[in-house]
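Here the structure comes first, spelled out in structure tokens, and everything after it is commentary.
Below you can see the structure in the form of structure tokens.
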């Protein structure tokens, strides 16, 4: 702990520039890139392993063709934890999105 009137702290804080973000979208993107909840990303392989084989098949059966193509895209190995389509599918098969989409450790 350092008191606010500590000479070293006062000097340090005077040199620090305040940071700013131009929009909430930019902030969310920065948080997602750094895997910060609730804007973290979860690997699709992690989601499938958390669901198990039976639930994974159910989830895939519930997706539309467009979503299946997006899900299988090799250049997109993860989804945002707040992705509404993914959350809807997880809820439809009776699983808890907070558990399935929890941050990877």
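Numbering (the working numbering), first residue to last: 5 to 109.
Ideal Cβ positions, reconstructed from N, Cα and C, are used throughout, including at glycine.
Spatially closest choice to residue 41 from 49, 62 and 31, by CA coordinates: For the purposes of this step, residue 41 is taken as residue 37 along the chain shown, with counting starting at 1. Nearest of 49, 62 and 31 to residue 41, Cα basis: 31.
For residue 84, which beta-bridge partners are listed by DSSP? As a position in the chain shown, residue 84 is number 80, starting the count at 1. Looking at the DSSP assignment, residue 84 forms a beta bridge with 45.
With three or more beta-carbon pairs closer than 8 Å as the criterion, would you say the stretch 58–67 touches the stretch 92–106? yes
Mapping DSSP to helix, strand and coil, what is residue 58? The residue given as residue 58 occupies position 54 in the chain shown. Residue 58: helix per DSSP, three-state reduction.
Between the C-alpha atoms of residue 51 and residue 35, what's the straight-line distance to the nearest angstrom? Position 47 of the chain shown, counted from the first residue, corresponds to residue 51. Position 31 of the chain shown, counted from the first residue, corresponds to residue 35. Rounded to the nearest angstrom, the two C-alpha atoms are 20 Å apart.
Buried or exposed, going by whether 16 or more other CB atoms sit within 10 Å of the CB of residue 93? One-based indexing of the chain shown puts residue 93 at position 89. Under this definition residue 93 is a buried residue.
Secondary structure at residue 79, three-state DSSP: helix, strand or coil? Taking the chain shown and counting its residues from 1, one reaches residue 79 at position 75. It is coil, neither helix nor strand.
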